[in-house]
Amino acid sequence: MTCVFVIPFVSLIPRTTKLVKPIIATIASVSFLGLFLEKIWLVYPSLMHDHFHIGLEIILVTFGFLCLFLLCVTKFLSIFPVYVAKDKYLIKKLESGDQH
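Under numbering that gives the first Met the number 0, the residues of the sequence shown are numbered 0 to 99, in order.
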């Protein structure tokens, strides 16, 4: 709960942290690690009663799902862009330097 909610919430309260991409990447990594550990702690006790270890197989499966997720996101964003680059109002706004 701390890695998934408290740390990202508290660290994203200031506006300056939301503008620096390495800080956002670090916060996202901490949140992802927290989600991974939460799933491990919820599922593993029911599967492995005697011992608890994180092996190469689990790390590779997690990495595989991460790669599959990133592949799906990049494919989706290549088909449906976040913003329309040919929007005439957006181009006028960017050229005028208006921030609001």
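Think of the CB as a built atom: it goes at the ideal place given N, C-alpha and C, for glycine as much as any other residue.
- Query: When we look at the beta-carbon of I53 and count the other beta-carbons within 10 Å, is it buried (16 or more) or exposed?
  - Reply: exposed
- Task: Please go through the region 2-50 and give each complete alpha helix (DSSP H) segment of 4 or more residues, from N-terminal end onward.
- Result: 6-10, 14-18 and 20-46
- Task: Look at the Cβ atom of P44, then the Cβ atom of A27, and state whether they are nearer than 9 Å.
- Result: no
- When DSSP labels each residue in this structure, what does F64 get in the three-state scheme? helix
- Message: Measuring only the C-alpha atoms, how far is K87 from L59?
- Response: 46 Å
- Message: Give me, in chain order, the residues of the same chain whose beta-carbon lies closer than 8 Å to that of L89; leave out the 5 immediate sequence neighbours on both sides.
- Response: Y82 and V83
- So what does DSSP say about F75, is it helix, strand or coil? helix
- Item | Identity of the residue in S77, F75 and F35 nearest F62 by Cα | F35
- Task: Could you give the DSSP three-state label for I53: helix, strand or coil?
- Result: coil
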